[in-house]
Structures are given as C-alpha cells and as structure tokens.
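The next block holds one structure in the form of structure tokens; read it before the comments.
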Amino acid sequence: MDWLTATRSFTALVEHKSFTVAAEHLEISASAMSKRIDWLEKQLGLSLFTRTTRQVNLTEEGHSFLPKANALLSQFEIMINHSHESTKVPTGTLKIAATLAVGSRVLLPHIRQFLSLYPQVNVQLNVLNPGALPDLQNDLVITRQYDEFDSLAHKGTRLLNYQMQLFASPHYIDKHPLIKNLQDLQAHKMLLSNYYQKKGHIELSDGTRFLFQNYNFVSDNLDSILEAAIQGMGLIFISPTYISKQLDEGSLVPLLPSLHSATKQLWAYYPKSTFVPLKTRLFIDHIKEGLTAL
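Its first residue numbered 24, the sequence shown is counted upward by one per residue in the numbering used here.
Structure, rendered in structure tokens:
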C-alpha cells in the first residue's frame with residue numbers, strides 16, 4: 024500500500040459515498056477498497072468516515088483531510104504531465120483573444136516569432152471588444168488588467184506595465200500654437216477612441232484627471248485614429264508601445280514628455296486548471312520575454 028493509492032481511494036469514496044460504487048469506479052473489489060481506507064486511517068491515526076448500512080459520510084477529521092488529499096493528487100498530476108511534456112513538441116491551435124489595437128500593434132510580431140519556433144502550432148487570433156471580460160472559449164485573453172473578473176474560472180499574469188503619453192504629427196505642431204503645459208491643451212482638438220470618448224477623461228500620474236472636452240474625431244479603430252493624427256487632425260493620447268513604427272519614422276512626435284497617464288498593465292488571462300496546456304505556457308513565457316525587451 025502507498026499514500027497515493029490510498030488517497031485516490033479516499034477521494035473516490037468521498038465522491039461516490041459507497042464502498043461498492045467507489046470500488047467499481049477504481050476497478051477493484053469492495054474488500055480491497057475497505058483495506059485501503061483502513062490503511063489510510065491507521066497511518067493518519069484518524070477516523071475519516073462514519074459507516075452505516077446505507078451510506079458513508081465524512082467525519083470532521085475527514086472534512087479537514089479532504090483539501091490536503093486533493094492538493095496531493097493535483098500536485099502529482101502536475102508532476103506527471105510536466106514529465107511527459109518535457110520531451111514533447113507543442114501542437115494544435117492556440118486561441119488568443121485581444122482587442123484590435125493589442126492584437127495588431129503588440130502581439131503580431133511576437134506571434135510570428137512564436138510560430139517560427141513552434142511550427143506545429145497554429146494561432147487563431149480573435150477580436151475582443153474593449154471592456155469585454157475573459158471567457159472560456161479562448162486559451163488566452165490578452166487585455167488591460169481587470170479589477171473584477173471571474174477568478175474562479177480564470178487565472179491571470181501580468182505581461183507589461185505601460186503609460187499613455189501625448190503625441191502629434193510634425194505637420195500639426197507647425198500649424199498650431201506651441202503647447203507648453205496642460206492648460207494649453209484645452210485649445211487643441213483630441214482624437215479619441217470610443218472608450219475614452221464615453222469615459223470622458225484619463226487619469227494622470229499625479230492623481231489628477233484630464234477631461235476630454237475638446238475633440239473632433241472618435242473611432243473604435245486605432246488605425247483610423249493614428250492616421251488622423253499623422254494627417255494633422257489633432258492630438259492623441261496613446262502608449263508608445265503601440266506606435267513604435269510611427270516614432271521611428273518621425274510621423275508622430277511626443278509632446279509634454281513629463282505628462283503621462285497613471286501606470287496601466289497588460290495582462291494575460293487563461294482558464295484556471297490543474298494543468299495548463301504546453302502551448303499556452305510556452306506562449307505566455309515567449310510574450311513576457313518579448314515585452315520585457317521593449
């Protein structure tokens with residue numbers, strides 16, 4: 024007899040509440056089932072069950088032991104799965120959900136690198152509406168940090184800290200009055216996403232709020248907002264992470280470098296499970312390493 028075998032028998036008996044049914048589930052005899060439970064109780068020095076002719080119920084000591092038993096079996100399952108996968112190559116479809124901005128501006132370069140490393144994986148990138156909560160239809164949901172979400176169904180890990188800053192095109196700067204401070208912004212038009220148009224403000228790093236009172240263009244498409252900024256239609260608040268290409272080209276330049284939003288976080292959420300699939304774990308590690316290098 025060993026601890027693992029006896030513990031499995033214990034949890035089976037808890038689930039089925041019958042020696043006969045639990046024994047059938049484990050494909051052993053009822054007498055063998057009884058011997059395993061007797062062995063476990065003797066090792067623990069506890070009475071785990073009360074037995075009647077009709078049913079089996081946990082004692083108070085049995086209730087206390089149950090979470091420890093489940094933890095032991097979970098850790099063993101994780102150890103076995105990791106051992107098996109140490110020599111495996113990830114395969115199959117990895118379903119990732121992200122907003123259009125995150126998907127196209129942040130994830131795509133890292134997805135390309137990931138697929139070159141693991142050619143037997145294919146990625147399905149699904150569009151996540153801004154503000155939508157993670158669901159169980161995707162292996163990963165990559166979005167801003169949520170203060171409230173179903174933590175019973177999901178786990179999360181931080182990928183990146185970022186701040187939003189103010190940018191404009193050189194053409195806009197040449198044609199409009201010089202911006203020296205926050206108050207000067209009230210005389211300039213802002214280019215907003217639907218999210219910030221509805222929210223009406225952005226939290227700044229000093230704890231104050233900048234109100235979006237003067238804007239002339241709103242869109243749920245980041246590419247449209249960026250093109251409007253490049254064409255000199257107004258100013259844009261955005262994270263430099265999203266516009267590295269435009270900054271390198273010089274089509275957008277920063278304004279008021281000391282002005283930036285409160286720190287925000289990009290997170291990866293995935294279904295809570297005893298065992299996270301290999302392709303999911305590898306992509307999380309890959310994207311963390313890639314974003315850290317930014």
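A virtual CB, placed ideally from N, CA and C, is assigned to each residue, including glycine. Source: prediction; values computed, not measured.
- Remark: fewer than three beta-carbon pairs, one from each stretch, lie closer than 8 Å, so the segment 269-276 and the segment 155-168 are not flagged as touching.
- Sequence-distant Cβ neighbours of Ser-52 in its own chain, meaning closer than 7 Å and more than five residues away, are Ala-46.
- Leu-279 and Asp-243 have their C-alpha atoms some 25 Å from each other.
- With fewer than 16 other Cβ atoms from the protein chains shown falling within 10 Å of its own Cβ, Ser-54 counts as exposed.
- Residue burial annotation: Leu-27 is exposed, with fewer than 16 other C-beta atoms found within 10 angstroms of its C-beta.
- Membership of His-39 in the alpha helix (DSSP H) is indicated by the continuous run 26-39.
- Between Arg-135 and Trp-290, the CB-CB gap reaches or exceeds 7 Å.
- For Gln-147, DSSP records a beta bridge to Lys-118.
- Residue burial is scored here from C-beta neighbours: His-86 has fewer than 16 other C-beta atoms within 10 angstroms and is therefore classed as exposed.
- Beta-bridge partners of Glu-226 (DSSP): Arg-232.
- Comparing C-alpha distances from Val-79 to each of Arg-167, Gly-68, Phe-99, Glu-38 shows the shortest one belongs to Glu-38.
- In the displayed model, Phe-298 falls within coil according to three-state DSSP, outside both helix and strand.
- Judged by DSSP secondary structure, Tyr-185 falls within the beta strand (DSSP E) whose first and last residues are 177-185.
- Taking the CA atoms as reference points, Gln-209 sits about 11 Å from Leu-258.
- Here the alpha carbons of Thr-116 and Ala-251 stand approximately 36 Å from one another.
- For Gln-288 and Ala-29, the gap between their C-alpha atoms comes out near 45 Å.
- The secondary-structure analysis by DSSP pairs Arg-167 across a beta bridge with Leu-289.
- Scanning Asn-149, Val-129, Leu-140, Lys-111 for the CA closest to the CA of Ile-119 turns up Asn-149.
- Cβ-Cβ distances below 8 Å link Ser-41 to Gln-78, Val-79 in the same chain, with the five nearest sequence neighbours on each side left out; the list follows chain order.
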